[in-house]
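Structure first, commentary second.
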Amino acid sequence: MKSNVGGIDRILRIAIGLVLIGLTVTGTIGAWGWLGVLPLATGAIGWCPPYAIFGWNTCTTKK
Numbered sequence: 506m507k508s509n510v511g512g513i514d515r516i517l518r519i520a521i522g523l524v525l526i527g528l529t530v531t532g533t534i535g536a537w538g539w540l541g542v543l544p545l546a547t548g549a550i551g552w553c554p555p556y557a558i559f560g561w562n563t564c565t566t567k568k
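Position one of the sequence shown corresponds to residue 506 (the numbering used here), numbered consecutively onward.
Listed below in structure tokens is the structure:
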């Protein structure tokens, strides 16, 4: 698995995932907020399956 999620993308994914999970735990939103696990996981590992399928990459290239 080659990393395909770049720095800002990773930070946003982790932040969104944590916010969704936090809102779910506090009862602010319903159970659908547990979907926040997906962006949290993809941000944490740096690899996103849909990015791989479509050939997208937000990582910076080394020159």
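Yeah, the Cβ is synthetic: ideal placement off N, Cα and C, and Gly gets one too.
Close beta carbons around residue i, own chain, < 7 Å, minus the five adjacent residues each side
i	result
Cys-553	Asn-509, Val-510, Thr-547
Gly-538	Leu-525, Ile-526, Leu-528, Thr-529
Length of the line joining the Cα atoms of residue i and residue j
i	j	result
Gly-535	Ile-521	16 Å
Arg-476	Pro-544	Since the first residue of the chain shown is 506 and the last is 568, residue 476 is not available in this structure.
Asn-562	Thr-531	34 Å
Thr-566	Ile-558	19 Å
Leu-540	Ile-526	8 Å
Leu-523	Tyr-556	21 Å
Assumed close pair residue i, residue j - CB separation to whole angstroms, cut-off 8 Å
i	j	result
Gly-551	Arg-515	6 Å
Alpha helix (DSSP H) segment containing residue i, residue limits
i	result
Val-542	542-550
Val-524	512-530
Ile-558	554-559
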